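Taken in sequence, the protein lines are chains A and B.
FYI, the numbering for the first sequence is 1 to 180, going by our numbering.
FYI, the numbering for the second sequence is 1 to 474, going by our numbering.
What follows is a short report on a single structure.
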Amino acid sequence: MLEDEVLKWQFKCGSSQALARIYDKYVDSLLTLAAGLLNDAHEAEDVVQDVFVAFARSANGFTLRGNLKAYLTTAVVNRVRDRIRRQQRRPAALNEATPARRKSQSPEEQLVFTEYAGRLHEAIKELPHEQREAIVLRLKGNMKFREIARLQGVSINTVQGRYRYGLQKLRSSLNGEVRK
Amino acid sequence: MKPEDRVEKAIREEFTFAAGSKLRDRMLTRALDAQEECRKSRPAPAGPAIGRTTMKSPIAKLAVAAAILAAVVLSISLWNKSTPAAYALDQTIEALQNVRFLHIIGRDDTGRIKDERWIEIGMDGRQVRYRQQNPPWLIEQYPSAPAKVIEDGESTAVYRSDKQAVILYDRKDMQYQWVGELGKAFENLRQEGKILEENTEYQGQPAHKVWWPYMSAECYIDPQTKLPIAIGDTELSYEQPSAGTFEITIPDGYAVLDKRPGAPVTSVPQWLLDEESAQANKGQAFHDGSVAFAGGDYAEAARQFEMALGWDSWAPFWLGSAYYHLGKYDLAIYNYNKEFDIWAKSGSDSKLSYCSYARGLAYACSGNLEAAQADLQACLPDMIRTLRTPSGGQMFEYAENPMIRYGKGKLTDEVMVIKMINRLRLVSGQNFGYDPAASAEENELAIAAWEQWLADGGSINVTFDAPPVVESQE
Chain A
1 MLEDEVLKWQ FKCGSSQALA RIYDKYVDSL LTLAAGLLND AHEAEDVVQD
51 VFVAFARSAN GFTLRGNLKA YLTTAVVNRV RDRIRRQQRR PAALNEATPA
101 RRKSQSPEEQ LVFTEYAGRL HEAIKELPHE QREAIVLRLK GNMKFREIAR
151 LQGVSINTVQ GRYRYGLQKL RSSLNGEVRK
Chain B
1 MKPEDRVEKA IREEFTFAAG SKLRDRMLTR ALDAQEECRK SRPAPAGPAI
51 GRTTMKSPIA KLAVAAAILA AVVLSISLWN KSTPAAYALD QTIEALQNVR
101 FLHIIGRDDT GRIKDERWIE IGMDGRQVRY RQQNPPWLIE QYPSAPAKVI
151 EDGESTAVYR SDKQAVILYD RKDMQYQWVG ELGKAFENLR QEGKILEENT
201 EYQGQPAHKV WWPYMSAECY IDPQTKLPIA IGDTELSYEQ PSAGTFEITI
251 PDGYAVLDKR PGAPVTSVPQ WLLDEESAQA NKGQAFHDGS VAFAGGDYAE
301 AARQFEMALG WDSWAPFWLG SAYYHLGKYD LAIYNYNKEF DIWAKSGSDS
351 KLSYCSYARG LAYACSGNLE AAQADLQACL PDMIRTLRTP SGGQMFEYAE
401 NPMIRYGKGK LTDEVMVIKM INRLRLVSGQ NFGYDPAASA EENELAIAAW
451 EQWLADGGSI NVTFDAPPVV ESQE
């Protein structure tokens with residue numbers, strides 16, 4: 001019951017249990033979101049780590065009036081966009097990033113996902129960034145087209161077009177792999 | 001389902017990553033370390049604080065207060081002129097966190113008070129104390145209904161004016177509520193509420209209009225306080241009630257029947273024993289009727305709901321529906337009429353769309369097409385509104401499945417829309433191409449076509465063999 005409101009208040013009062021609960025509640029969905037937006041699962045870990053560290057440091061002046069999940073989602077999206085902008089200025093292209101899984105690590109030390117989720121990730125990675133962002137924000141960030149349009153600085157129609165074309169590409173690249 | 005939709009579903013449901021246990025621990029440890037560092041580095045007060053020194057002088061205190069006030073007034077007026085703040089549902093949720101008292105007044109179509117309640121809410125969002133007052137005209141209609149109920153936090157007192165008696169229960173054994181758990185209702189507003197219109201009016205006063213699924217009603221929000229001022233036909237205010245509102249007192253001449261544990265053993269009057277026994281039997285019959293109805297055993301459902309009449313306002317409705325399925329349309333219409341009577345007697349809105357729909361179909365089956373047309377036409381606006389606010393169709397679903405009351409058979413928004421489209425096809429014979437496998441854009445066109453059809457006068461044409469939309473079988 002209104003758990004997030006209580007957590008926000010406890011967090012603001014400095015409760016480490018509240019921070020742990022918030023982390024536990026949202027870390028996986030934020031990791032999924034970041035992994036979907038980025039080509040590299042390790043970068044996704046870094047982004048989510050950064051978001052939680054910054055969030056933990058913000059307790060003193062924390063005055064969030066809105067929805068906690070939406071706040072954390074936006075924080076992840078903003079950091080991902082910053083990271084991509086930085087990478088675009090670097091010589092190495094995004095699609096040359098390291099593989100999504102570090103084979104040398106044990107499952108406990110890395111992101112865990114099913115083989116099927118991995119295949120979806122591979123397919124999503126192939127999409128142009130704008131299409132990928134529209135699809136991931138819509139389906140994993142539960143954002144409205146209007147909100148994505150505002151974020152991307154384009155019209156709703158453009159976002160819907162990106163979403164539709166992205167789905168078409170995914171359909172053809174998955175071609176029969178999608179479970180019925 | 002088209003492949004596109006499978007892709008969407010696959011991403012939504014199966015594209016998930018989780019942190020392995022060590023990664024999870026490592027990331028959490030870093031976040032907790034950051035929080036701890038932040039706590040340690042919080043600047044300690046050092047040296048004399050200017051504000052503190054200044055405030056020692058009473059004149060300076062006033063000057064500072066005036067300056068602060070002026071700044072606040074200035075900033076408010078500048079804010080008002082420059083940026084009309086957008087309203088968000090979270091603001092209402094936040095405002096509701098601070099509410100400690102609720103005053104609820106329900107009125108009938110003529111403006112008469114039909115229901116008045118006060119609730120004290122605890123810091124945890126739960127009901128602490130409660131008072132409900134039923135008006136005399138309602139008690140005349142239902143003499144055995146309590147004239148008043150008071151919960152003082154420990155006991156519940158039920159005032160029966162017909163028996164000149166106050167029955168005392170332990171609060172744990174007998175609790176009255178307004179809308180169930182308030183916290184759940186608030187959370188539902190946050191999760192599923194929808195802003196329908198900003199900066200509109202409610203009875204001449206500025207308000208935002210919001211759809212609140214839990215309440216199955218439109219709700220009006222005060223733009224200043226962000227608090228709901230009306231939900232459906234119920235008005236809300238938040239003042240502290242007068243002293244004694246939640247105190248249990250015994251009116252002169254009233255007998256006290258104390259049923260609390262540990263109370264002195266006294267003989268319970270026969271009328272109360274009879275009532276309790278009858279209520280228990282009716283309650284059981286209502287439950288058994290619901291199970292039989294949901295299982296398609298309409299003869300048994302009719303038998304049980306006949307016995308349950310008087311226990312719940314929905315009993316005549318489902319009795320009517322059981323007769324409808326048995327092909328006894330006159331009995332169905334008779335009981336649907338009783339349902340309308342109950343709501344009319346209690347001063348509630350007589351526009352029961354789900355009941356109009358059911359009675360309209362019964363009229364159509366019995367050959368009274370004129371009456372069928374009138375009933376079905378009356379419920380069209382609510383039916384079409386459901387296509388955009390699916391939770392508006394909850395009553396239609398409940399009407400078809402009494403087990404929803406027992407937490408079974410709740411439907412998703414998507415299925416509720418499909419079922420409403422099928423009802424619309426049945427009563428209109430129209431088909432505007434809604435298809436669960438189609439894209440959101442295509443279905444948007446279908447919904448717009450239904451809205452246009454209604455705006456153009458949407459005439460009834462009951463078509464029992466209209467092909468239904470088939471729900472996706474995933």
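Every residue, glycine too, gets a C-beta built ideally from N, C-alpha and C.
Bear in mind the structure is a predicted one, so any value in this text is a computation, not a measurement.
- Within chain A, the residues placing a beta-carbon under 8 Å from that of Q35/B are G14, S16, L19, A56, R57 and A59, ordered along the chain.
- At a cut-off of 8 Å between beta carbons, T32/A contacts chain B.
- Q205/B is bridged by DSSP to Y202/B.
- Sequence-distant partners of A280/B (beyond 5 residues in either direction) whose C-beta falls short of 7 Å from its own C-beta are missing from its chain.
- The beta-carbon of A134/A is placed no less than 8 Å from the nearest beta-carbon of chain B.
- Annotated three-state conformation of S15/A is coil, per DSSP.
- Secondary structure note for R388/B: it is in no alpha helix (DSSP H), with a DSSP letter that is neither H nor E.
- For V268/B, no alpha helix (DSSP H) run applies, since DSSP gives it neither H nor E.
- By the C-beta criterion, the segment 213-232 of chain B is judged to be in contact with the segment 92-101 of chain B, since at least 3 inter-stretch pairs fall below 8 Å.
- Contact check between the segment 439-456 of chain B and the segment 379-387 of chain B: three or more CB pairs, one atom from each, fall below 8 Å, which counts as touching.
- Between C13/A and S58/A, the alpha-carbon positions lie close to 11 Å from each other.
- Classified as buried, V469/B has 16 or more neighbouring CB atoms from the shown chains inside 10 Å of its CB.
- Excluding sequence positions up to five before and after A315/B, its CB lies within less than 7 Å of the CB of F286, F305, A308 and L309, all in the same chain and listed in chain order.
- Its chain contains L257 as the residues whose beta carbon lies nearer than 7 Å to that of V268/B, once the 5 sequence neighbours on both sides are disregarded; these appear in chain order.
- At least 8 Å separates the CB of L189/B from every CB of chain A.
- Cβ contact annotation for Y329/B (same chain, cutoff 6 Å, sequence separation greater than five): A362, C365 and S366, in chain order.
- In this chain, the alpha helix (DSSP H) harbouring F340/B covers Y329 to K345.
- Its chain contains R425, A466 and P467 as the residues whose beta carbon lies nearer than 8 Å to that of N431/B, once the 5 sequence neighbours on both sides are disregarded; these appear in chain order.
- Bounds of the alpha helix (DSSP H) holding E94/B are L89 to Q97.
- At a C-beta separation below 8 Å, A117/A has these neighbours in chain B: E14, F15, T16 and F17.
- A contact is defined here as three or more CB-CB pairs under 8 Å, and the segment 168-175 of chain B fails this definition with respect to the segment 191-208 of chain B.
- For C219/B, DSSP records a beta bridge to V210/B and I231/B.
- Shortest Cα-Cα distance from V159/A to any of L167/A, Y165/A, Q168/A and A149/A involves A149/A.
- Counting along the chain, E115/A sits inside the alpha helix (DSSP H) bounded by residues E115 to K125.
- Judged by pairs of C-beta atoms under 8 Å, the segment 32-50 of chain A touches the segment 5-18 of chain B, as three or more such pairs exist.
- The C-alpha of P261/B lies about 17 Å from the C-alpha of I248/B.
- Identification of chain B residues near V27/A by a Cβ-Cβ cut-off of 9 Å yields A18, A19, R24, M27 and L28, ordered along the chain.
- Residues of chain B with a Cβ closer than 7 Å to the Cβ of Q49/A are, in chain order, M27 and R30.
- As DSSP reads the structure, D115/B sits in a beta bridge with G106/B.
- Spatial neighbours of F145/A in its own chain (CB-CB distance under 6 Å, excluding positions within 5 residues in sequence) are listed in chain order as I156, V159 and Q160.
- Here L167/A is not bridged, per DSSP, to any residue.
- Your pair M403/B and S216/B does not check out as a contact, with CB atoms roughly 18 Å apart and the cut at 8 Å.
- The secondary-structure analysis by DSSP pairs L236/B across a beta bridge with I104/B.
- The beta carbon of C38/B sits closer than 8 Å to some beta carbon of chain A.
- Interface flag for D90/B against chain A is set, since a Cβ pair is found closer than 8 Å.
- Annotation for I139/B: A145, A147, S161 and D162 place their beta carbon closer than 8 Å to its own, counting only its chain and skipping 5 residues before and after.
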